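Q: Under UniProt numbering, think of the first position of the sequence shown as 1, with each following residue one higher.
Where a beta carbon is used, it is the ideal one built from N, C-alpha and C, also for glycine.
Small disclaimer: the values here were computed from a predicted structure and weren't measured.
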Amino acid sequence: MTKNLPNKLSDARLQARIGYEFKQVDLLKLALTHRSVSHKHNYERLEFLGDSLLGMIIANYLYLSYPLENEGRLTRMRATLVRQEALGKIANDLQLSRSLILSTGELKSGGHHRESILADTVEAIIGAIYLDSNDLNQLQSIVLKWYEPYLDHIEPTDQLKDPKSRLQEYLQARKKPLPVYEVVDIQGDAPNQHFKVECDVAGLPKIIGEGSSRRFAEQTAAAEILKLLEQ
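(1) I believe A31 touches A124 by the beta-carbon criterion, under 8 Å. Please report the beta-carbon distance rounded to the nearest angstrom.
(2) Would H41 and L100 qualify as a contact pair, given that the criterion is a beta-carbon distance under 8 Å?
(3) Below 8 Å on the Cβ atoms is my contact criterion, and I expect R215 with D93 to pass it. Report the Cβ-Cβ distance as a whole number of Å.
(4) Going by CA-CA distance only, name the one from L14, D26 and L74 that's closest to L131.
(5) Once DSSP output is grouped into helix, strand and coil, what is the label at V201?
(6) Contact between the segment 46-55 and the segment 128-142: three or more CB pairs below 8 Å?
(7) Report yes if the CB atom of V143 is closer than 8 Å to the CB atom of I207, and no otherwise.
(8) Am I right that D152 and P179 are in contact with their C-beta atoms under 8 Å? What's the rounded C-beta distance?
(9) For the putative contact between A217 and K196, defined by C-beta atoms under 8 Å, what is the C-beta separation to the nearest angstrom?
(10) Just to check my reading of the structure: Y147 and L81 have Cβ atoms closer than 8 Å, yes? What is that Cβ distance to the nearest angstrom?
(11) Pull up the DSSP beta-bridge partners for Q187, would you.
(12) Name the residue from S38, K89 and L64 whose alpha carbon lies nearest to the alpha carbon of F116.
(13) Which residues mark the beginning and the end of the beta strand (DSSP E) in which G110 is found?
(14) Tell me whether G211 sits in a helix, a strand or coil according to DSSP, three-state version.
(15) Rounding to the nearest angstrom, what Cα-Cα distance links G19 and G72 in this structure?
(16) Starting from F48, trace the alpha helix (DSSP H) both ways and give me its first and last residue.
(17) May I have the straight-line CA-CA distance separating L64 from S109, to the nearest angstrom?
(18) Using the C-alpha atoms, what's the distance from D120 back to T44?
(19) Tell whether a beta-carbon distance below 8 Å holds between L229 and Y181.
(20) Is D11 helix, strand or coil by DSSP?
(21) Go through its chain and collect everything with a Cβ distance to K3's Cβ below 8 Å, but skip five positions before and after it.
(22) Using CA atoms only, rank isn't needed, just tell me which of L118, L87, G209 and L136 is closest to R98.
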């Protein structure tokens, strides 16, 4: 296998979004390679490994974070967080669609936006990080960072709605004006930028959210607004 990724991956922006720099870059390439490209060299084995690791990481998080919940409720909460829809949201946050390695036919059929493929790729990347780092604690930290916008208020019946979506629904249900988000500061150079975004909701103090992307900063601000509303 080649040591070089395609040009679209070589600038390290994907690794910056993932939050991990690979020593064996071939593992990342393999995690992004769909079986339509190669029946032998594709992400399926890494996906198998990543699926088990993800389940363990989420189960451990829920066990420690919800000491009063019973086994049945914890099981449903875990299922909410590891289902295909949830992984598709993680994939969109990481902007994986632009980096998938697909056959021409799969690409033309819209495979780079197919939720099942994106979800499988997230699990494959988890497996690849584990093999590259051999560090379960580091892997857990990375994965929980991906999930950070979604872990507050998680319930067995949730559809893993992010804070921006929950805030919008809250305001719409009460016929109130929707929030306004404005970037107020950007520090650093791509891909290592830090954003500050102001969220303005009528009748509440303006809240500043921070993050490594505009999207993440908006989610952080929305989460803080939700906390104010719940108080």
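A: Inspection of the coordinates gives the following:
(1) 4 Å
(2) no
(3) 7 Å
(4) D26
(5) coil
(6) yes
(7) no
(8) Between P179 and D152 the Cβ distance is about 17 Å, and since that is not below 8 Å, they are no contact.
(9) 6 Å
(10) 7 Å
(11) H194
(12) With the sequence shown as reference, residue 116 is identified as Ser, and Phe is not the correct amino acid for it. Of the listed residues, the one whose Cα sits closest to S116 is K89.
(13) G110 -> no beta strand (DSSP E), and no H or E assigned at all.
(14) strand
(15) 32 Å
(16) E44 to S65
(17) 42 Å
(18) Residue identity differs from the one stated: residue 44 is Glu in this sequence, not Thr. Rounded to the nearest angstrom, the two C-alpha atoms are 8 Å apart.
(19) no
(20) Confidence at D11 is low in this model, with a pLDDT of 49, below 50, so its placement is unreliable and no value can be given for it.
(21) Summary for K3: the model assigns pLDDT 37, below 50, so the residue's position carries little reliability; its value from the coordinates is reported in the next sentence. The answer, listed in chain order, is V25 and D26.
(22) L118
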